[in-house]
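Trainee:
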Amino acid sequence: MPWHEVIDANWKEGKMEMKIVDGNPILLGFKDGNWFATEALCRHMRWPLAWGGKVTDENCIRCPLHQTTHNLETGDLVDWAPFPIFPPYGKLVGKMSKKKDLKIYQTKVDEGKIWVNLP
Ligand code: FES
5 MPWHEVIDAN
15 WKEGKMEMKI
25 VDGNPILLGF
35 KDGNWFATEA
45 LCRHMRWPLA
55 WGGKVTDENC
65 IRCPLHQTTH
75 NLETGDLVDW
85 APFPIFPPYG
95 KLVGKMSKKK
105 DLKIYQTKVD
115 EGKIWVNLP
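In the numbering used here, the protein residues as written are 5 to 123.
(1) Nearest to residue 120 by alpha carbon, out of 71, 30, 69?
(2) With a 10 Å radius around its C-beta and 16 neighbouring C-beta atoms as the bar for buried, classify residue 9 as buried or exposed.
(3) Could you say if the region 46-54 and the region 69-87 meet the contact criterion of at least three C-beta pairs nearer than 8 angstroms?
(4) Is there at least one non-hydrogen atom of the ligand FES closer than 8 angstroms to the beta-carbon of residue 71?
(5) Give me the Cα-Cα distance between residue 77 and residue 61, rounded to the nearest whole angstrom.
(6) Exposed or buried, residue 115, counting other C-beta atoms within 10 Å across all chains shown (16 or more means buried)?
(7) Among residues of its own chain, excluding the 5 on either side of residue 2, which ones have a beta-carbon nearer than 6 angstroms to its beta-carbon?
(8) Note down the Cα distance separating residue 118 from residue 12, rounded to an integer number of angstroms.
(9) Leaving aside the five residues before and after residue 25 along the sequence, list all residues of the same chain whose C-beta is less than 7 angstroms from its C-beta, in chain order.
(10) Measuring only the C-alpha atoms, how far is residue 96 from residue 111?
(11) Does the distance between the C-beta of residue 82 and the nearest non-hydrogen atom of the ligand FES fall short of 8 angstroms?
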């Protein structure tokens with residue numbers, strides 16, 4: 005069954021948390037009145053995005069460690085590890101893993117609960 009009930013749909017604006025859903029860590033968030041769910045760990049070096057990740061004005065999620073950024077609707081990579089800016093070290097950090105998009109999961113509200121679709 006791909007749809008999984010996760011929590012009560014009573015979060016305040018801007019909240020994000022990591023949840024384990026059917027054995028999978030996901031990032032669940034509520035921003036601008038919309039729910040979103042992504043894989044929980046940054047694609048660069050697996051930092052938990054719930055620990056300091058930011059939703060930008062461009063509807064992207066940005067990792068706090070090296071600023072890797074993905075689009076929250078599509079999961080497309082927007083920026084890959086641009087930080088730290090000091091050139092030799094920044095380029096080395098970016099090359100520590102291959103560029104990847106972020107998995108995005110569908111969400112829905114049903115009878116006051118948030119559901120996430122894990123295919
Ligand atoms: S671990 Fe997220 S950008 Fe490096």
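We put the CB at the ideal spot given by N, CA and C, even for glycine.
Mentor: Considering the structure as presented:
(1) Numbered from 1 along the sequence shown, position 116 holds the residue referred to as residue 120. Looking at the Cα atoms, 30 is the closest of the given residues.
(2) Within the sequence shown, numbered from 1, the residue matching residue 9 stands at position 5. By the neighbour-count rule (16 or more Cβ atoms within 10 Å), residue 9 is not buried but exposed.
(3) yes
(4) Looking up residue 71 in the sequence shown gives position 67. Yes - the ligand FES has a heavy atom lying nearer than 8 angstroms to the Cβ of residue 71.
(5) In the sequence shown, residue 77 corresponds to position 73, counting from 1. In the sequence shown, residue 61 corresponds to position 57, counting from 1. If I take the Cα positions, the gap works out to 13 angstroms.
(6) By 1-based counting over the sequence shown, the position of residue 115 is 111. Label assigned to residue 115: exposed.
(7) Beyond the ends of the chain as shown, which are 5 and 123, falls residue 2; an answer cannot be given.
(8) The residue you call residue 118 lines up with position 114 of the sequence shown. The residue you call residue 12 lines up with position 8 of the sequence shown. Using only the alpha carbons, I get a separation of about 6 angstroms.
(9) Numbered from 1 along the sequence shown, position 21 holds the residue referred to as residue 25. Here the set comprises 8, 10, 120, 122.
(10) Taking the first residue of the sequence shown as position 1, residue 96 is located at position 92. Taking the first residue of the sequence shown as position 1, residue 111 is located at position 107. Approximately 36 angstroms between the Cα atoms of the pair.
(11) Taking the sequence shown and counting its residues from 1, one reaches residue 82 at position 78. Result no, Cβ not under 8 angstroms from the ligand FES.
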